[in-house]
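S.K.: What follows is a structure written as structure tokens; I'll ask about it next.
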Amino acid sequence: MSATLPAGTPARPLRVAVIGAGPAGVYAADILTKSEAVTSGALTVSIDLFDRYPAPYGLIRYGVAPDHPRIKGIVNALHKVLDRGDIRFFGNVDFGTDLTLADLRTHYDAVIFATGAIKDADLNIPGIDLEGSFGGADFVSWYDGHPDVPREWPLEAKEIAVIGNGNVALDVARILSKHADDLLVTEIPDNVYAGLKASPVTDVHVFGRRGPAQVKFTPLELRELSHSKDVDIVLYAEDFEFDEASDEAIQSNNQIKTMVGTLTNWIAEQPEDLSELTASRRLHLHFLHSPVEIHDDPAHPGKVTGMTFERMQLDGTGNAKGTGEFVDYPVQAVYRAIGYHGSPLAELEYDARRGVIPNEGGRVLDTAGSPVPGIYATGWIKRGPVGLIGHTKGDALETIGFLLEDRLTLPPAQNPDPQAIIDLLEERGVEYTTWEGWNKLDAHEKELGAAWTAAHPADGIERERVKVVPREDMIRISRD
Ligand code: NAP
């Protein structure tokens, strides 16, 4: 093959490390292997994919709600990529502790960061630190069996506020209001089922600060709310305000038109007297409510007992302004779902406001704003936590395009031998997991699902999988 290499192309494979085995990282690795440079034989690549968790799939395993099998199904496509055998997977390896940037530079010609965004964006209002005030992203991590969050989640509130009008707010509100038994068909871990089963919740209130034509969630996710058994949706006529910009959005955007249609149908079908609603739980959708303060009271100092919102009105441009009217809701828990935020990475510049690694089209920049040779970013850590999973493919294409453009000038790895990184991890006592290990854990989780199904024949529920949560168990099963 070296006879066909253009001048300057290294005769050995280009060694690339991808940090983060979620969709963004897997797409980047896959796109690189399928690039014209590689398929034409002009370039050979050798890619190692690292993740801090013992299992691959990042956001799909730890961010997508368990009752979203269609989105969880993206795993099948990612599985096919990793199962080909041309990309090595190393799980349970933490960038910043187990491996440093200097290590990666020693062993790879290029490094792509695809570490995503898993933290909750901050909401700076009084009372946000009270007991009973939670980040929606943390709750998602809990119900998705994330190995690093506590096993127990305090589900003690009867009335709950969820702040935000994006898909995460709907996920959080749906899981909080759904009856636990209706989640048994999913892969939820046993501790999550037990926690949700004991929840005394009766009312979940979702608050958007703008109007029904300014929501950020999507039609399928909205309609899905009405599929939860024994949960009534409640809407309020005074929240249905539309300004000129709303009318324009309804005319020009099919998604908005569909959602406004769904919401107006629901409110039209709702009994005027809400006491005629029959379900044991209610999911209220409020619009034009901006969060002001979370309260405790003298009988429960330090604990959430209520929340104040300012009523908003649309200003003609689709934005909302305060009316000076304040409303209180008695709630014992508050979940903010106002967006995710990235986390800084050791030895790299970080834009704390946007929660991203500063970059130009995926080329990571230094303090002076110049590209750092050989260092790239893709996915949410590149452009911020917006967009659906499929959108990260476009990101990866752009990043890989620049990497290929730069490939002849990359600072070459001093130790590109693929065995050397394994030796280093072993020398450091890192209990890394592999693709083979993931297949073992995957099979084990499926066996747990089959065992549950066999043990509960009367329930008529077929569980495909039950997730293993503790990190040490994931590692033990993978490395067995
Ligand atoms: P998002 O779509 O950006 O929604 C954030 C929401 O929080 C918006 O309604 C925003 O209101 C509101 N908000 C922001 N700051 C606020 C504040 N200070 N006070 C009150 N409200 C505030 O974020 P997300 O829900 O975290 O979702 C992130 C991405 O993941 C999205 O692209 C989403 O579609 C995707 N996702 C998809 C699925 C799915 O497909 N099922 C599931 C989960 C997530 P404004 O609009 O007024 O700013």
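Quick note, the sequence shown lines up with residues 239 to 718 if you use the numbering used here.
The beta carbon of each residue, even a glycine, is placed where N, CA and C say it ideally should be.
#1: Are residue 257 and residue 270 closer than 9 Å when you measure CB to CB?
#2: Give the DSSP-derived three-state secondary structure of residue 651 in the structure shown.
#3: Using the Cα positions of residue 483 and residue 454, report the straight-line distance between them to the nearest angstrom.
#4: Using the C-alpha atoms, what's the distance from residue 516 back to residue 420?
#5: Can you give me the start and stop residues for the alpha helix (DSSP H) that residue 734 sits inside?
#6: So, using beta-carbon positions, are residue 430 and residue 504 closer together than 9 Å?
#7: Work out the CA separation of residue 682 and residue 308 for me, nearest whole Å.
#8: Do residue 354 and residue 297 come within 9 Å of each other at the CB atom, strictly closer than that value?
#9: If we ignore side chains and look at the alpha-carbon of each, how far apart do residue 690 and residue 342 end up?
#10: With respect to 8 Å, is the separation between the Cβ of residue 460 and the closest non-hydrogen atom of the ligand NAP below this value?
#11: Can you tell me whether residue 526 is buried or exposed? The criterion is at least 16 other CB atoms within 10 Å of its CB, across all chains shown.
#12: How many angstroms separate the CA atom of residue 440 from the CA atom of residue 520?
#13: Is any non-hydrogen atom of the ligand NAP found closer than 8 Å to the C-beta of residue 533, if you look at the structure I gave you?
#14: Could you tell me the boundaries of the alpha helix (DSSP H) in which residue 484 lies?
#15: Determine which residues share a DSSP beta bridge with residue 445 and list them.
#16: Going by the C-beta, is residue 508 closer than 8 Å to any heavy atom of the ligand NAP?
#17: Between the Cα of residue 426 and those of 463, 489, 302, spot the shortest distance and give me the residue it belongs to.
#18: Tell me whether the stretch 324 to 344 and the stretch 288 to 296 touch, counting them as touching only if at least three CB pairs, one residue from each stretch, are closer than 8 Å.
#19: Check the C-beta distance from residue 768 over to residue 531 and give it rounded, since I have them as a contact under 8 Å.
#20: I'd like to know whether the C-beta atoms of residue 669 and residue 713 end up nearer to each other than 9 Å.
#21: Straight-line CA distance for residue 621 to residue 579?
#22: With 16 as the cutoff for other CB atoms within 10 Å, does residue 557 come out buried or exposed?
#23: Looking at the ligand NAP, does it come within less than 8 Å of residue 315, judged from the CB to the closest heavy atom?
#24: Cα separation between residue 506 and residue 432?
#25: Compute the beta-carbon to beta-carbon distance between residue 619 and residue 594, rounded to the nearest angstrom, for a pair I have assumed lies under 8 Å.
#26: On the DSSP letters alone, give me the boundaries of the alpha helix (DSSP H) that residue 371 sits inside.
#27: Rounded to whole angstroms, what's the CA-CA distance from residue 528 to residue 486? Just pull it up for me.
#28: Give the single residue among 641, 488, 659 whose Cα lies nearest to the Cα of residue 599.
#29: Of the choices 565, 552, 372, 672, whose alpha-carbon is the least far from that of residue 320?
#30: If we count the other Cβ atoms within 10 Å of its Cβ and call it buried at 16 or more, is residue 715 buried or exposed?
#31: With a threshold of 8 Å on Cβ separation, who are the neighbours of residue 719 within its own chain once the five nearest residues in sequence on each side are excluded?
#32: Determine the direct distance from the alpha carbon of residue 645 to that of residue 247, and round the result to whole angstroms.
#33: Which residues does DSSP list as the beta-bridge partners of residue 551?
#34: Go through its chain and collect everything with a Cβ distance to residue 437's Cβ below 6 Å, but skip five positions before and after it.
#35: Can you tell me which of the three DSSP states residue 631 falls into?
#36: Could you check where the alpha helix (DSSP H) with residue 675 kicks off and where it finishes?
M.R.: The structure says:
#1: no
#2: coil
#3: 15 Å
#4: 18 Å
#5: The displayed coordinates of the chain run from 239 to 718. Any statement about residue 734 would go beyond what the structure contains.
#6: no
#7: 22 Å
#8: yes
#9: 43 Å
#10: no
#11: buried
#12: 6 Å
#13: no
#14: 482 to 490
#15: 401, 524
#16: no
#17: 302
#18: yes
#19: Since the first residue shown for the chain is 239 and the last is 718, residue 768 is missing from the structure and cannot be characterised.
#20: yes
#21: 11 Å
#22: exposed
#23: no
#24: 37 Å
#25: 6 Å
#26: That residue, residue 371, is in no alpha helix (DSSP H); its beta strand (DSSP E) goes 371 to 373.
#27: 23 Å
#28: 641
#29: 672
#30: buried
#31: The question about residue 719 has no answer here: the residues shown for the chain are numbered 239 through 718.
#32: Note that residue 247 scores 47 on pLDDT, short of 50, meaning its location in the model is unreliable and no value can be drawn from it.
#33: 559
#34: 393
#35: helix
#36: 673 to 693
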